[in-house]
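Asker:
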Amino acid sequence: MGRALGKLGGVVACMGLGLAAWFGNVLYALGSPGGLLKEWSPALVAGAMIAFLVVHGRRTYSGRQLLSFVVLVFLIGWFFETVSLMTGFPVGNYHYTELMAPFLGHVPVSVMPAYCVMGYASWSMARLLLARTEWSADNVLRFGVPVLAAMLMVVWDLSMDPLRATVEGRWVWSGGGVHFGVPLENYIGWAFVTWIMFQSFALVVTGRYEPPARRVPRSARRYLWLSVPLIWAAFAGEYLLNPFVSARLDSVMVDGAHMPVAEIFASIAFLTATTMLPLALVGAVAALRRSPASLARRGMAAGLAHGRAGDKQ
């Protein structure tokens, strides 16, 4: 009984961490620029999402695989950030402001953990949406999931980048851009960079079957995966609330013209409501529709594939 409860504890923790990330983002929206909520609520969000990566990741991957994900995302992300800051390729010409200090070289230290946590959430969402939550060595997991995961990262960035760059001034795009001051090149380059991250990890994961570091009862796995759309859409809590709780009446420069911050908040809230939220709902439905019978069949198939791989070795 105690062992079963211990196995379920990770599932409950994942759901709680998802709610904590939402709560932290709501607090951020409620805070005033320069106030304590704006300053400290990101720590709650970051802590919850990093803990989610560890707790969910250890119940989905082996320790080696999870470490591979973090290392690949860190190295690839840092490399392309550095190249882009120096050359403008592949995401465009921009520079970070002192609001993002401290830096590792030219790249803010906080950027890499953000890549890891949202990268893990997007990768997991792609597995969920493509019905590859069980281990599989097929081409959908190997090639399809990386493409969809990169697209999910772009969906998040469509709402995030204008708020952090144009409104908050954490980084500055040289010459502005068509999407509330962000250039289209950014999103194309972002898709390219994140696809390289995910594709590299997919080749590691599908190399051979490795059992997860922590086991979860088969009957509880749907709830483990239900936490994925919750954590992936956590920033929607801020984006959706901004137009209703912010008292900002100032404006910012967008392509050489002044645009009211309230107008940007309203547009981004609408964008979030028509992109992130529907995708999160589809993911939740996909998680809840996972039947124990189908999971058992997929588990048997994975076991047979693992056995054949072992025979070949």
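If you use my numbering, the sequence shown corresponds to residues 2 to 314, in order.
Think of the CB as a built atom: it goes at the ideal place given N, C-alpha and C, for glycine as much as any other residue.
This one's a predicted model, so the numbers in the text were calculated from it and none came from an experiment.
1) Which residue comes first and which comes last in the beta strand (DSSP E) that contains S252?
2) What three-state label does DSSP hand H1 in the structure shown?
3) Out of V179, F70, V286, which one is the CA nearest neighbour of G257?
4) Is the separation between the beta-carbon of A234 and that of P147 shorter than 9 Å?
5) Specify, as a first and last residue, the run of the alpha helix (DSSP H) that W191 falls within.
6) Considering only the alpha carbon of each residue, which of W136, P109, L28 lies closest to R209?
7) What is the C-beta distance between I197 and Y240, in whole angstroms, given that I count them as a contact (C-beta under 8 Å)?
8) Let me know if G106 comes out buried or exposed under the rule of 16 or more other beta-carbons within 10 Å of its beta-carbon.
9) Could you spell out where the beta strand (DSSP E) holding M260 opens and where it closes?
10) Restricting to runs no shorter than 4 residues, where is the alpha helix (DSSP H) found entirely within the region 25-86?
11) Just verifying my parser: in three-state terms, what is the DSSP assignment at V173?
12) Taking buried to mean at least 16 other C-beta atoms within 10 Å of its own C-beta, is T167 buried or exposed?
13) Are R143 and W226 closer than 9 Å when you measure CB to CB?
14) Since V183 and P163 are thought to touch, with beta carbons under 8 Å apart, how far apart are those beta carbons, to the nearest angstrom?
15) Using the three-state DSSP reduction, which class does Y121 fall into: helix, strand or coil?
Answerer: This is what the structure holds:
1) 252-255
2) With the chain covering 2 to 314 only, the question about residue 1 has no answer from this structure.
3) V179
4) no
5) 185-206
6) W136
7) Between Y240 and I197 the Cβ distance is about 27 Å, and since that is not below 8 Å, they are no contact.
8) exposed
9) 258-261
10) 37-59
11) strand
12) buried
13) no
14) 6 Å
15) helix
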